[in-house]
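Data block below; observations after.
Written out as structure tokens, the structure reads:
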């Protein structure tokens, strides 16, 4: 590929041929000393005000080479003198340009491919006549939306900030919560045409370096032309390409993301996506919420239990209803059996087909309400559910119990948003086997799913951890949520080199932390403190630390009542 030359016009022509797009702007200007310059940038991706104040204006007003000559003049003069000054003059001119530009970071580059990529990435390229180099300055200002609460994870208590599509903003939100030099980022570019920035982040000394290295290796091995979202990266990282359950964690909240890194996980940002990835991932995370850590442990435990029960109801209730009608009607209490029997009399559809039809209508309504505009979608879902449900029952196509069961099943599934995709598929499968072979099919499919979960893992982490293998310490933040004082160590499953999380003693003690008793226990009591404790005074005659003035007065009266102690104090003075 052709290299840059010392002639500005040739370099501009070369860049225009390589980047013929209309949004690539080439702005030419002349300095007061007569030097020709050019700025090359992508329109809409740079801050023009910053470029004008920190680059163009300083170059125009201040850029002048020695004796008022341009770098090109220097080169020609040194050539005429017979010296090898072309290279030296170019370097001197480049240093002068870098001193004139008011940017903290300025990169010199001669490779055209790198220069083009920097321009397309939102940086600005400056060219100076007589210098066969390009100067890259960072003045990015891409169009981004403001930081707001993520719509997929609304919180009642806790922070409401959410990630956005700009990777630099997301990294800043994370840095704001983890102000430690141990927070590390490793950037990569993925996509032959998109050149998408991907950042792997971790806490040095806390995350497992082997897992981090494996994630970085897999990302660098991705060879695809376009990466629009973090879900593309997740597909390349998971070990099982076809799975009912997630194998990579996702979140849009910086507080949740930072907490996962503090436990020893690895995080991944993808430019253009507000959804950050975390690994390793365990199945239990779907039933946990960031809000669990902002409420009382008792309330968090209840909420987790509700989510587990709701998911089981959502998966099994439609299947149980169909299998009980077709195979085991005696499983239902007699009173409920009579009510169901009276409601299904005269229906033209079998129980299995009826439940399939109602579930299909529910899925169609859900998809339509999501794809339609916000307010239209809400009206569509409410009106559609009421009108279709009432009309179907009145017309005798479906029974009232089927409508109730499907509606309740859908509500239960929405209590765990991260499990909606897998739950919808599994609900159809359970309904299929229940209509085919009855309760035995439900048990058989449940056993298969349990075996699948037991054998699945991601980055060496069992999906059903901490239950298999059983890790008693990690059960404190599993189904039951303990208080934070009990979670003194990080989860053992993530193999963190530093498992100590809480370095505090018993907070339930009423003894002040700076009392002499605690200082003595910590081995910090000084001789003067011991004497002051015994006499009730310090070296300055003031009441000892931890002694109230009243207590000190009582000690003084007690000493005056003892002539022997008073005489000893007069002879030896105050002990220090």
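Residue numbers (the UniProt record's numbering): 1 to 576.
Ideal Cβ positions, reconstructed from N, Cα and C, are used throughout, including at glycine.
Check, Outcome
"Give the DSSP-derived three-state secondary structure of residue 418 in the structure shown.", "helix"
"With distances taken from CA atoms, which of 123, 458, 143, 429 is nearest residue 446?", "429"
"Let's test the definition: count the other Cβ atoms within 10 Å of the Cβ of residue 309 and tell me whether it reaches 16, buried, or not, exposed.", "exposed"
"Is residue 288 buried or exposed, if buried means 16 or more other CB atoms sit within 10 Å of its CB?", "buried"
"Can you tell me the Cβ-Cβ gap for residue 156 and residue 103, rounded? I've got them flagged as a contact below 8 Å.", "The Cβ separation is near 44 Å, so there is no contact."
"Measure the alpha-carbon distance for residue 371 versus residue 249 and round it to whole angstroms.", "25 Å"
"Assign residue 632 to buried or exposed, taking buried as 16 or more other Cβ atoms, counted over all protein chains shown, within 10 Å of its Cβ.", "Nothing can be reported for residue 632: it is not among the residues displayed for the chain, which extend from 1 to 576."
"Between which two residues does the alpha helix (DSSP H) carrying residue 353 extend?", "351-371"
"With a CB to CB cut of under 8 Å and the five nearest residues on each side skipped, what residues in its chain are close to residue 178?", "203, 258, 261, 262"
"Within its chain, find whatever has a CB closer than 7 Å to the CB of residue 148; leave out the 5 residues flanking it on each side and keep chain order.", "162"
"Give every residue of the same chain whose Cβ lies closer than 8 Å to the Cβ of residue 550, excluding the five residues on either side of it in the sequence, and list them in chain order.", "With a pLDDT of only 41 at residue 550, under 50, the local geometry of the prediction cannot be trusted, and no value is derived from it."
"Compute the Euclidean distance between the alpha carbons of residue 451 and residue 463, then round it to the nearest angstrom.", "11 Å"
"Is it buried or exposed, residue 145, if we count other Cβ atoms within 10 angstroms and call 16 or more buried?", "exposed"
"Could you give the DSSP three-state label for residue 3: helix, strand or coil?", "coil"
"Could you give the residue range of the beta strand (DSSP E) that holds residue 41?", "36-42"
"For the beta strand (DSSP E) that residue 188 lies in, which residues bound it at each end?", "183-190"
"To the nearest angstrom, how far is the alpha carbon of residue 27 from that of residue 229?", "34 Å"
"For residue 123, does the count of other Cβ atoms within 10 angstroms reach 16, so buried, or fall short, so exposed?", "buried"
"Counting C-beta neighbours from all protein chains within 10 Å, is the total for residue 265 16 or more, i.e. buried, or is it exposed?", "buried"
"Residue 215 and residue 268 - do their beta-carbons sit closer together than 9 Å?", "yes"
"Identify whether residue 468 lies in helix, strand or coil by the three-state DSSP scheme.", "coil"
"Distance, Cα to Cα, residue 569 vs residue 176?", "For residue 569, the predicted model reports a pLDDT of 44, less than 50, meaning its position is unreliable; a value from the coordinates is still stated below. If I take the Cα positions, the gap works out to 58 Å."
"Going by DSSP, which residues form a beta bridge with residue 584?", "Nothing in the structure corresponds to residue 584, since the chain is present only between 1 and 576."
"Does at least one heavy atom of the ligand NAP sit under 8 Å from the Cβ of residue 19?", "Ligands displayed in this structure: none; no statement on the ligand NAP is therefore possible."
"Under the DSSP definition of a beta bridge, which residues are partnered with residue 127?", "38, 134"
"Any idea if residue 247 is buried or exposed, counting beta-carbon neighbours within 10 angstroms, 16 or more meaning buried?", "buried"
"Report the three-state DSSP secondary structure of residue 168 (helix, strand or coil).", "helix"
"With residue 267 as the anchor, note down where its beta strand (DSSP E) starts and where it stops.", "266-270"
"Quick check: what's the CA-CA separation for residue 318 versus residue 431?", "6 Å"
"In this structure, what does DSSP give as the bridge partners for residue 27?", "39"
"Taking its Cβ as the centre, do 16 or more other Cβ atoms sit within 10 Å of residue 383, making it buried, or is it exposed?", "exposed"
"Would you give the residue range spanned by the alpha helix (DSSP H) that residue 442 belongs to?", "439-455"
"Can you pull the DSSP bridge partners for residue 462?", "457"
"Do the CB positions of residue 314 and residue 423 come within less than 9 Å of each other?", "yes"
"Since residue 501 and residue 489 should fall inside the 8 Å C-beta cutoff, what is the C-beta to C-beta distance between them, to a whole number of angstroms?", "6 Å"
"Please check the pair residue 442 and residue 316, which I expect to be a contact at CB under 8 Å, by giving their CB distance rounded to whole angstroms.", "7 Å"
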